[in-house]
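Contents: one structure, followed by commentary.
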Amino acid sequence: MAYRNLLTHDEGAVRTITVNRPDKLNALNLDTLNELTLAFGQAAQDDAVRVVVLTGAGDKAFVAGADIAEMNAYTPTQALSFSRIGQALMLTIERLGKPVVARIPGYALGGGMELAMACHLRIASNKAKFGQPEINLGLIPGFGGTQRLLRLAGRGAALELCLTGKQIDAARAHALGVVTEVVEPEQLDTAVKAVAEALSVAAPRAAAGILDAVLGGGECAIEQGLDYESQGFALCFATEDMREGTSAFLERRKPQFKGR
Ligand code: COA
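Here the UniProt record's numbering is used: position 252 in the sequence shown is 252, and no number is missing along the way.
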């Protein structure tokens, strides 16, 4: 499917989705949010896709935020709808059931940082910058930033970044647990490819179970989280992949997971 604001590309079981508005530093307007929702829905449904890489076009920005020009004219009702659409997209990504890796070459600000935080792993160039600068616009984060930053980096960092609106570099984002790995800009593609390829040959049911248990379990009492884990663990025993993984270990060979 052709999109106005996105590019998609498949390599093996890895689908790369690129926000393609480089002249606006890949800012998220409503049209782009809707296209991302469609693109992630398609990736979720396509069994041939085992991993999604999300990035922004060019080397200057991942995504420099929600589209400020579009928001400038919004009424409160339109803003509520924009926030809900953005939040629903972030939840779709977070609960995709397949690993999503953010490739972050540059600015990940506002909605861009929120989009990155909805992904499961974040690999950044050491040139990348992060921040929740909404307060500088007389706003608060509207796509889940207050909640995901709180969960990823704790209350101190969430309040610091949201209240000051300041930009932090990739090293600080890494120290806060917001970024998984920081690399030289010229190593970004190699690092993302290595992680995506490793995930693309992992057993999909096991990956989905981990995502369910960590993401669902993080939002409830430990007893319920442990129940998610037990259910996910048991479900793996219904897969050929689990028999293959355990047999391969016993036979001292590499497993070949088929996604069954
Ligand atoms: N929404 C809409 N347009 C944006 C944008 C955003 N969030 N971020 C950047 N752009 C546009 C700029 O308006 C400019 O467009 P123009 O060439 O038509 O004027 C273009 O992208 C390039 O941005 P520019 O500001 O000229 O680049 P820069 O290198 O001087 O600064 C940033 C880069 C990221 C520091 C700066 O663009 C910025 O602060 N962006 C907004 C960040 C933000 O507040 N995000 C949260 C939004 S809720």
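Don't be surprised by glycine CBs; every beta carbon is placed ideally from N, CA and C.
It should be emphasised that the depicted structure is a prediction, and the values quoted were computed from it without experimental measurement.
{"Asked": "Continuous beta strand (DSSP E) assignments of at least 3 residues falling wholly in the segment 144-230", "Found": "181-183"}
{"Asked": "As assigned by DSSP and simplified to three states, the class of D241", "Found": "helix"}
{"Asked": "Of the residues R155, A170, R151, D59, the one placed nearest C220, counting alpha carbons only", "Found": "R151"}
{"Asked": "Range covered by the alpha helix (DSSP H) that runs through G111", "Found": "111-118"}
{"Asked": "D67 to A27 span [Cα, whole Å]", "Found": "5 Å"}
{"Asked": "Segment contact, 8 Å Cβ cut-off, at least three pairs: the segment 236-245 with the segment 176-194", "Found": "no"}
{"Asked": "Beta-carbon gap between L161 and Q132 smaller than 7 Å", "Found": "yes"}
{"Asked": "Where F82 falls: helix, strand or coil (DSSP)", "Found": "helix"}
{"Asked": "Euclidean distance between Cα positions of A116 and P255", "Found": "31 Å"}
{"Asked": "Pairwise C-alpha distance: G218 and Q224", "Found": "10 Å"}
{"Asked": "Chain-order list of residues whose beta-carbon lies under 7 Å from that of V100 (same chain, five-residue window excluded)", "Found": "V52, L54, I93, C119, H120"}
{"Asked": "Rounded distance between the beta-carbons of A57 and V19, thought under 8 Å", "Found": "7 Å"}
{"Asked": "When N5, S83, L89, P76 are compared against F40, the one with the closest alpha-carbon", "Found": "L89"}
{"Asked": "Contact set for M242: own chain, Cβ-Cβ below 8 Å, skip 5 residues either direction", "Found": "A203, R205, A206, C236"}
{"Asked": "Where I104 falls: helix, strand or coil (DSSP)", "Found": "strand"}
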